[in-house]
Every structure is written in C-alpha cells, then in structure tokens.
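Chemist:
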Amino acid sequence: MITENLITWQSRLPTWQQALQNAVRDPQELFALLELPPDLLQDTVWENPRFHLRVPRSYVARMQKGDIHDPLLRQVLPLQAEQLPFANFTTDPVGDNAASKGAGLLHKYQGRVLIIVTAACAIHCRYCFRQHYDYRENNSSELQAIYNYIQSDNSIHEVILSGGDPLSVKDSRLMELINLLATIPHLQRLRIHSRLPIVLPERVTPELIAALTQTRLQTIMVVHANHAAELDNSVTQALRKLADAGITLFNQAVLLRGVNADVESLVQLHERLFEQRVVPYYLHLLDKVQGAGHFEVSETEALSLIEAMRERLSGYLVPRLVREVAGLGYKLPVF
Ligand code: SF4
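This is the structure we're talking about:
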C-alpha cells in the first residue's frame, strides 16, 4: 500500500521531478547498469561517502557501457582516492564562508550577490567545491532578509542564483524569488548558474522558460558542461529552447584529469556548445576542495592545452582559463 501510494504520488509529479527522484544512488546499481565487473567496485569505489553518489538515469545512459574510464562516469563515481590527503585542499576552497552575509547570501564581488537557493542538485559532481558547505546554516529560506540586504545596497545590479542547483527547486519557488527580486529597482540582471540543462534536460519545460523570461530582469544562464559526450540530442534541444527564448547562454567547465584534460575533448566540447548558441565562458582550474585532489591538472599543463586550443579554434570558441582565489574580488585569469 505504501509503495502504491509512493508510485501514485510520483506519477503526479512533472517528468523532471520524477527523474530527479529516480536518480541512481547505489554504486552497485550503477555498476550493473554499466555492465562493469563487480570486483572493480571493491577495488576502486568508496561505497558510502558523506557526499553520496547521485546521478540521473538519462545521464547514465550517455556513458559507455563497460568503460570504467568513461569521462561522464569519472565525474560522478565516488572513488577511494577521495580519502587521500592532498596538501592545500580544504573544505572551503573559494572562501564562501568569509563571503557569507547570512540567509544564504554570498557577497564576494562588487555589484553582484549570489543566493544559495537550495542545497539540492540533480547530480553529485565529485569535484564540487561546495561538497562540504554547511547548507543548514546558510540557506535562503528567509526571503525577507535577502530582500532587505539587496534593497539596501544600490551598487548591486546583478543577482546570481546558485546552490546546490537553483533549477532543482519547483517553478513556484523560483517564481516567488524572481518576482521578489524584480521589485528591487536597482537590480538589472538575473544570472542562473545551473547544471540541470546538461544533466537533466527534462527540466527545461515551457513553465520554466516562462518563469525565466516573464520578468523585467535580463536573464543570463551559465550552464556547466565538461565533455561533449554530455551533449546528446535531449540536451541540445533543451539548450536551443533556452536560446530561442532569448536567454543568453554561457558555459563554464572545470578542467579535470581523467575527464577533459586533452585538447581533442576541449575542442569538441566548445564547438558543440557553440552549435547550440552557448558561448564558451570559463575553463576553471580545479578548486582545491578536499576529496578532489586526483582531478587536479597543473597550471603548466592547462596553459599548454589552451595554447593548443587556440591553434585549432576561432578565438571566440576558446574559454578564459581562470582560477578562483579566496578573498579576491574577481576570477584570476591564468593567461
Ligand atoms: S551540479 Fe554544481 S553544485 Fe551540484 S554537485 Fe555539481 S558542481 Fe556542485
């Protein structure tokens, strides 16, 4: 009876919320879906990390079966290597705690504030710089406090919705927040940082597009794709819908060993993104977050990758290589 009720409740949810609920959370199930040998599981996988496995099924379907080195799988599979200590890797690598203004607001850069809309994500990326973030202490449940802070500072022209993933909340919550922000006269732009159009393209619904476009604020979306294999037809269609609705689209990627740290992967990714009218924006050096040391690519290697990209691509297809430095008022360009 309980199972029946659960199934009925789930079937009433929009497709994207059902997909969110049905994410793969068990490494054993992931291995079975990808037809990977179980002995590899014991040898390489960290089965119960605090930042647990979470990956949508449609994203799993884009992985190569039988390939433990698949670049999409590498981004989500918790490895035992995450438990190794690496010098200078911390739980707050980009200075979020120092920038916190309470109520889920971060104020790092002049003219812009960031709202941690939710702790929830559709996917748990193993290199995520907020994987240790204390969302219970810093959440955006007090909209009035957010409003008061932004309203009282005329220099703030842009609000960034982040998380977690801001598009993992329901449309009604998103609209409540956007409508509130739109009442602040000095705000001009709304920027949404989201990986959902890439990992759960079902999220790009007509209702979402209406919520993002029926506001006086200029809307910009920064998506997060790291590899061309992430961009299947469902993703390219979702990106086109957003672009057709007039939303300016940028991509930020993270340079990750074992995922995209080779020139061919980076060229394909940025060409394919631009085909969908997504402008290459940033290529981030890894934020030194505890648990992600095995993904690091040195600055020297990164620079030679950028140089090789420049030889292959038009200038506008080459993203800016940057590092986020805690306490600095901008992203530090590396070239
Ligand atoms: S989607 Fe973004 S916030 Fe969520 S785990 Fe991945 S990198 Fe972190």
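For the sequence shown, position 306 matches number 785 in the numbering used here, and the numbering has no gaps at all.
From the three backbone atoms N, C-alpha and C, an ideal C-beta is built for every residue, glycine too.
Out of curiosity, what's the CA-to-CA distance linking G737 and E775?
Modeler: Approximately 9 Å, taken between the alpha carbons.
Chemist: At what residues does the alpha helix (DSSP H) containing T494 begin and finish?
Modeler: Looking at the DSSP string, the run of the alpha helix (DSSP H) that includes T494 is T494 to Q500.
Chemist: Beta-carbon within less than 8 Å of D458's beta-carbon, same chain only, minus the 5 sequence neighbours each way: which residues are those?
Modeler: It is not possible to answer for residue 458, since the shown part of the chain is limited to 480 through 814.
Chemist: Since V818 and K810 are thought to touch, with beta carbons under 8 Å apart, how far apart are those beta carbons, to the nearest angstrom?
Modeler: Here the chain comprises residues numbered 480 to 814, so residue 818 is not present and cannot be evaluated.
Chemist: Just to confirm the assignment, what range does the alpha helix (DSSP H) spanning H749 have?
Modeler: Run containing H749: V742 to E754, per the alpha helix (DSSP H) assignment.
Chemist: Quick one: measure Cβ to Cβ for L653 and L660, integer angstroms, because I've assumed they're closer than 8 Å.
Modeler: Not really, about 11 Å apart at Cβ, beyond 8 Å.
Chemist: Hey, could you find the ends of the alpha helix (DSSP H) I657 is sitting in?
Modeler: It spans D650 to A661 - the alpha helix (DSSP H) in which I657 sits, taken as one unbroken run.
Chemist: Reducing DSSP to helix, strand and coil, say where T570 ends up.
Modeler: T570: coil per DSSP, three-state reduction.
Chemist: Excluding the five sequence neighbours on either side, which residues of its own chain have a C-beta within less than 7 Å of the C-beta of L551, listed in chain order?
Modeler: Within the same chain, L551 has close Cβ partners Y538, R541, M542, H706, A708 and E709.
Chemist: Is L807 buried or exposed, if buried means 16 or more other CB atoms sit within 10 Å of its CB?
Modeler: Exposed is the call here.
Chemist: How far does the beta strand (DSSP E) with M700 in it extend, from its first residue to its last?
Modeler: Its beta strand (DSSP E) spans residues Q697 to V702.
Chemist: Considering T715, what are the terminal residues of the alpha helix (DSSP H) in which it resides?
Modeler: Counting along the chain, the alpha helix (DSSP H) containing T715 begins and ends at N712 to D723.
Chemist: Would you list the one or two residues that DSSP bridges to H548?
Modeler: DSSP output for H548 lists no bridge partner at all.
Chemist: Run the CB neighbour count on Y761, radius 10 Å, all protein chains shown included, and call it buried at 16 or more, exposed below.
Modeler: Y761 comes out buried.
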